[in-house]
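Undergrad: Residue numbers (the UniProt record's numbering): 1 to 711.
We put the CB at the ideal spot given by N, CA and C, even for glycine.
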Ligand code: HDD
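Following this line, the structure appears as structure tokens:
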């Protein structure tokens, strides 16, 4: 029987004895269709020829009778579902979570109660503003939505790579998204906040400033999905079996390390490879370089919600790690690419309301509003069907199965056998019955209480400090990262047309973070530089906010170009052997030459510095960099090989020039310095040093800074 037939045989989602038991990584395999050595059939199973339509004579009109034609076209016409209202552009992968220990002292969540216990996961990364076909490298907050298929139900942490959010109350979400999405009149710009309405909103709503600072620094343009951290953003509650609860923040720390692009590189990469991030993730997993994250929590006491100088219910605030350190609780590994993008990545429907026993919400008004929005949006995306949880990628793998009195609806996949879909009943022996906490049922933390008060439509006074933490961020990043934020604001506000009410107003807000920041931005966008406003300023710093002051933990899966030439077999042989050595380190090393030949992986015409994390210039390449002698046909535009070296140099990448490969460097005004090695011959120490340089990732002494007078 083919797999579609098998699906229909599955009657009960709780049937864990069927192939693909709840904890099984291959649970989805039972739904996979294999078309090998099969006939084409209609959706109702009749074998047909669907390559020719039924006509009245071979030169005559197509007949209405042709059910094969009609259904094929109807199915095609209905292939699209609405893209996600936000986070439309994304990529996902399967994997597992492994708990480091028994964490029953802080939570009753079953996936955290045993060292070594593995739980299947699906993780979808995304950008927020762009539509489904937008470029991966857009500057944006990045979604990190993690689904744990626990043995007590699905638990989703629908988070971002930035630990704070723009707004504090979910009622403002439509305003935020309307402001950052393209303009309603001409639908410009795509996947970018560099326009008037975004900065009109940001400058009028200073709660956005903290997230904006993160997004405008390297966090907004990560090197890849593998090189970013994830955050649950809100304060959650963990609750133990005995009812003890703690407030927590969830973190996922990349075990590859964090790395980001710089803006000109991100722009170039967006054009060279709009799929750069999904490609990187896909290729790493296919190559067996499974990306990993360490899951950690910051644990706070219930009574300390206001103890840190801000409100733990306010999602625009971080809990500085030097005040509450991270407690690592487990490891998340992505080890399997989806079989079908639509069925898995497009149809996975995350919800902040997917929780399990041992996890509980808080009164954060952003979180509370999200509890409504996710299910509502799923109803829209599933064309009104409430049965979206029955789709294979969403189907829970709980040891309790799925039993309730929810019934019917479009596209019901199961055949409920009870004739008593109501509670209480006697006709079905009182089942399904309410689960108590002792029987494994979900429960709300007993410590949760309502703070007495009147009904109000306002913001808590404990939420009103919008500038202290953006300044903490500004103080805690490297000078080159500050320069990146300045440049980003100059770029973004340079695209804003409205002078006073938007550009000037935004500078006014920036001035409450830092006068240095405000003045440097103002001077480039033609608005008045403000005087310092010291009442807002402090010199505090904290740890863990910078991207560029960390080195990578591994270089596995990074891309390296070995520039060579087909004009010299010696050069090509050397390049091949270098690429082989580098591949041995887990690098994706590509020999670049004018045309394809034995050992050439790609051509200059198809290459760009932005596609590579490091560049090696092989010996024997000198003629290649001479614009007069290099072949226009093979290197269009003629200076492309030199451009690659120039861009790699200015983008702060690791470079090794071997022998007369050095000429390329001198032609672009480059010199030996940190991350740029000029060698006559190579041995293992050369490549070990290059590996260290790749771990450093960006050499920011090459990043142009404002002259000191304006800093
Ligand atoms: Fe959201 C999708 C993350 C606030 C309403 N959100 C969505 C996704 C992520 C986040 C990662 C994509 C999930 C996927 O890959 O399928 N959202 C966040 C974070 C927030 C946040 C970290 C703040 C802490 N979101 C937020 C608010 C609302 C929404 C306040 C509405 C009140 N979000 C949605 C949504 C989406 C969504 C419209 C669009 C598609 C979807 O849900 O499935 O319901």
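With residue 294 as the anchor, note down where its beta strand (DSSP E) starts and where it stops.
TA: 292-301
Undergrad: Should the segment 377-386 be regarded as contacting the segment 182-196, the criterion being three or more beta carbon pairs within less than 8 Å?
TA: no
Undergrad: Would you say the beta carbon of residue 212 is closer than 7 Å to some non-hydrogen atom of ligand 1?
TA: no
Undergrad: Between 407, 411, 423, 131, which lies nearest to residue 417 when the distance is taken from Cα to Cα?
TA: 407
Undergrad: Taking a contact to mean a Cβ-Cβ separation below 8 Å, would you say residue 496 touches residue 490 in this structure?
TA: No. Outside cutoff.
Undergrad: Suppose the cutoff is 7 Å on Cβ atoms and the five residues either side in sequence are ignored; what does the same chain contact list for residue 354 look like?
TA: Closer than 7 Å at the Cβ level, and outside the excluded window around residue 354, lie 154, 155, 156.
Undergrad: Would you mind giving the Cβ-Cβ distance between residue 592 and residue 602, rounded to the nearest angstrom? I have them listed as a contact below 8 Å.
TA: 6 Å
Undergrad: Once DSSP output is grouped into helix, strand and coil, what is the label at residue 331?
TA: strand
Undergrad: Buried or exposed for residue 565, going by 16 or more other Cβ atoms inside 10 Å?
TA: buried
Undergrad: I'd like to confirm the pairing. Which residues does DSSP put opposite residue 571 in its beta bridges?
TA: Answer is none; residue 571 lacks a bridge partner.
Undergrad: Taking 7 Å as the line, does the beta carbon of residue 574 fall inside it for any heavy atom of ligand 1?
TA: no
Undergrad: List the whole-angstrom C-beta distance separating residue 536 from residue 512, where the pair is believed to meet the contact cut-off of C-beta under 8 Å.
TA: 4 Å
Undergrad: Out of curiosity, what's the CA-to-CA distance linking residue 529 and residue 472?
TA: 22 Å
Undergrad: Enumerate in chain order the residues of its own chain whose CB-to-CB distance from residue 270 is below 6 Å, with the five nearest sequence positions on each side excluded.
TA: 135, 137
Undergrad: Is it the case that the CB of residue 315 approaches a heavy atom of ligand 1 more closely than 7 Å?
TA: Yes, ligand 1 has a heavy atom inside 7 Å of this Cβ.
Undergrad: Roughly how many angstroms separate the alpha carbons of residue 568 and residue 621, rounded to a whole number?
TA: Spanning the two alpha carbons is a distance of roughly 8 Å.
Undergrad: Are the beta-carbon atoms of residue 431 and residue 170 separated by less than 8 Å?
TA: No; because the gap between Cβ atoms is not below 8 Å, this pair is not in contact.
Undergrad: Taking residue 31 as the reference, which of 446, 343, 378, 493 has the closest Cα?
TA: Of the candidates 446, 343, 378, 493, the one whose C-alpha sits nearest the C-alpha of residue 31 is 343.
Undergrad: Sorry if obvious, but does the Cβ on residue 373 come closer than 7 Å to a heavy atom of ligand 1?
TA: At least one heavy atom of ligand 1 lies less than 7 Å from the C-beta of residue 373.
Undergrad: Where do the N-terminal and C-terminal ends of the alpha helix (DSSP H) with residue 365 fall, by residue?
TA: Counting along the chain, the alpha helix (DSSP H) containing residue 365 begins and ends at 365-381.
Undergrad: Per DSSP, what kind of secondary structure is residue 99 in: helix, strand or coil?
TA: It is a strand residue.
Undergrad: From residue 257 to residue 552, what distance separates their C-alpha atoms?
TA: So the two alpha carbons sit approximately 4 Å from each other.
Undergrad: Tell me which residues share the same chain as residue 53 and place their Cβ nearer than 7 Å to its Cβ, disregarding the 5 neighbours each side in the sequence.
TA: The residues 62, 66, 69, in chain order, have a CB closer than 7 Å to that of residue 53 in the same chain once the five nearest residues on each side in sequence are set aside.
Undergrad: Count the other C-beta atoms from every protein chain shown that fall within 10 angstroms of the C-beta of residue 751, then say buried if there are 16 or more, exposed otherwise.
TA: Since the first residue of the chain shown is 1 and the last is 711, residue 751 is not available in this structure.
Undergrad: Here's the rule: buried if 16 or more other CB atoms are within 10 angstroms of the residue's CB, otherwise exposed. What is residue 708?
TA: Classification of residue 708: exposed, given that the 10 Å Cβ count is below 16.
Undergrad: Can you give me the C-alpha to C-alpha distance between residue 608 and residue 652, rounded to a whole angstrom?
TA: 15 Å
Undergrad: Based on Cα-Cα distance, which residue from 241, 59, 130 lies nearest to residue 436?
TA: 241
Undergrad: May I ask which residues mark the beginning and end of the beta strand (DSSP E) holding residue 655?
TA: Per DSSP, the unbroken beta strand (DSSP E) holding residue 655 starts and ends at 654-658.
Undergrad: Starting from the C-beta of residue 717, find all residues in its chain whose C-beta is less than 6 Å away, skip the five residues before and the five after it, and write them out in chain order.
TA: The question about residue 717 has no answer here: the residues shown for the chain are numbered 1 through 711.
Undergrad: Quick check: what's the CA-CA separation for residue 340 versus residue 158?
TA: 22 Å
Undergrad: Over what stretch of residues does the alpha helix (DSSP H) that includes residue 148 continue unbroken?
TA: Under the DSSP assignment, residue 148 falls outside any alpha helix (DSSP H), being part of the beta strand (DSSP E) whose first and last residues are 142-150.
Undergrad: For residue 428, which residues does DSSP report across the bridge?
TA: For residue 428, which the question treats as bridged, DSSP gives no partner whatsoever.
Undergrad: Of the choices 543, 524, 612, whose alpha-carbon is the least far from that of residue 555?
TA: 612
Undergrad: Looking at C-alpha atoms only, which residue of 688, 532, 420, 323 is the closest neighbour of residue 516?
TA: Comparing alpha carbon positions, the residue from 688, 532, 420, 323 closest to residue 516 is 532.
Undergrad: How many angstroms separate the CA atom of residue 703 from the CA atom of residue 662?
TA: About 21 Å.
Undergrad: When we look at the beta-carbon of residue 150 and count the other beta-carbons within 10 Å, is it buried (16 or more) or exposed?
TA: buried
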